[in-house]
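Everything in the sequence shown is counted per my numbering, starting at 407 for the first residue and increasing by one. Structure first, commentary second.
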Amino acid sequence: TVKWTNNTDAHVVEQSSGLHVDNLSEVSGKTLFRDSQFMVCPVLGFPDSAIMQASQRLVSEHQGKYSQTSRIL
């Protein structure tokens, strides 16, 4: 039996806007960046360096977490 699973994660850059991070999942708006492939790579060239660093961290965490128990395609 083959089981296909999408392992997703999210990162929100905290700013001094006064918005609570918990409420952001319920808002509507324009998606600035989305990547959907068999295996995503870290984001490069994004204007906010915090996004690029978080992207690298999340990809590394997923590789470490899932490569031992799953086949990452």
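Heads up, the beta-carbon is just placed ideally off N, CA and C, and yes, glycines get one too. In this text, all values refer to a predicted model and were calculated from it rather than measured experimentally.
Run through DSSP, which three-state label would K436 get?
coil
In its own chain, which residues sit with a C-beta less than 6 Å from the C-beta of L464, not counting the 5 before and 5 after it?
D415
Other residues of its chain near S461: CB distance less than 8 Å, five sequence neighbours each side excluded
H417, P448, V449, F452
Relative to the C-alpha of Q469, which candidate in V446, T407, G424, R440 has its C-alpha closest?
V446
Which stretch, first to last residue, makes up the alpha helix (DSSP H) that contains M458?
Run containing M458: 455-472, per the alpha helix (DSSP H) assignment.
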